[in-house]
Amino acid sequence: MLYLKEHGKISNREYRQIANISDEWARVDLADLILKGLVRLVGKGRGAHYVPAQVGD
1 MLYLKEHGKI
11 SNREYRQIAN
21 ISDEWARVDL
31 ADLILKGLVR
41 LVGKGRGAHY
51 VPAQVGD
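Counted from 1, the sequence shown has number 28 at position 28 by this note's numbering; the numbering is strictly sequential.
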């Protein structure tokens with residue numbers, strides 16, 4: 001979350017590299033953050049990234 005705060009967005013690939021986890025675990029973690037309302041997914045495919053959720057998202 002610190003990286004996300006500092007950079008404003010994070011991709012699945014960046015998250016995997018920072019957390020040193022597999023693609024599968026990254027998807028699980030990021031989906032959990034979406035469900036908790038902490039982040040939201042922007043875009044699809046290679047250009048997709050995650051941004052901090054805004055109040056009311």
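C-beta: ideal position from N, C-alpha, C; glycine also.
- Sequence-distant partners of VAL51 (beyond 5 residues in either direction) whose C-beta falls short of 7 Å from its own C-beta, in its chain, are GLY8, LYS9, VAL39, ARG40 and VAL42.
- For LEU2 and ALA48, the gap between their C-alpha atoms comes out near 19 Å.
- A Cβ-Cβ contact shorter than 8 Å links GLY37 with ALA53.
- Sequence-distant Cβ neighbours of LEU33 in its own chain, meaning closer than 6 Å and more than five residues away, are VAL39.
- In the structure shown, LEU38 adopts coil according to DSSP, grouped into three states.
- For GLN17, the uninterrupted alpha helix (DSSP H) segment begins and ends at 12-19.
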